[in-house]
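As numbered in my numbering, residues 10 to 185 make up the sequence shown, in order. Note that the Cβ used here is the ideal one computed from N, Cα and C, for glycine as well. The model shown is predicted, which means the values in this text are computed figures rather than measured ones. For reference, the structure is listed below as structure tokens.
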Amino acid sequence: MAVVLLGFLRGWGPMSGYDVKTAVDQSAKFFWAASYGQIYPELRRLEAAGLIEGEAAPRGDRSRTAYRITPPGVERFERWLAEPAGRLEVRDEHVLKLFLSSSDDPPGTRERLEHLAREHEARLAELRRLDARKSPDLGGHPRLVLDYGLAFHSFIAAWCRDRADQIPVPPPTRRT
10 MAVVLLGFLR GWGPMSGYDV KTAVDQSAKF FWAASYGQIY PELRRLEAAG
60 LIEGEAAPRG DRSRTAYRIT PPGVERFERW LAEPAGRLEV RDEHVLKLFL
110 SSSDDPPGTR ERLEHLAREH EARLAELRRL DARKSPDLGG HPRLVLDYGL
160 AFHSFIAAWC RDRADQIPVP PPTRRT
């Protein structure tokens, strides 16, 4: 979480914890979610380590602290960028349920695939709305990452629909 906060502060300038959460929810949440319960304690740790500095920046009657990245914070963030990324680990409960489900239940399998397709189509619709807003480039490669998300969710939705269509559904049984 620390590098995410450092990256947002480096690329987007001083922000409060609330501003960071809003920015994450409007951009990175599609591949890296963050909660207030993660953001605020991490901001305090980063400030204690001298990687960011907080300054009172009240809005109206509300107290607010705006944080900015310090030179050591920039150095730490740039070191992280230069490091090789960790191993890709996918944790998808929909796919896990598909994997563990019975192959003796074609209608259930088909429904799981159709549900997964709908989930990815909903994400795809969110990303298309984000794309339609034509947000300004706020540093980094948001266009590149948005294209990744569009391609990823489009592929998974299409794959699920294709596989669901390949599953034979037995005809309904007749009652006598």
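- If you look at Arg77, you'll find it in the beta strand (DSSP E) that goes Thr74 to Ile78.
- Under DSSP, Glu64 takes part in a beta bridge, and its partners are Ala75.
- Take the alpha-carbon of Ser36 and the one of Pro151: they are about 8 Å apart.
- Of Ala131, Ala94, Phe86 and Gly26, the smallest CA-CA separation from Arg53 is found for Gly26.
- Relative to the Cα of Ala91, the nearest Cα in the group Val154, Thr74 and Val83 belongs to Val83.
- DSSP links Met24 through a beta bridge to Tyr76.
- A Cβ-Cβ contact shorter than 9 Å links Tyr76 with Gly63.
- Distance from the CA atom of His162 to the CA atom of Asp70, rounded to whole angstroms, is 42 Å.
- The alpha-carbon separation between Pro93 and Leu15 amounts to approximately 18 Å.
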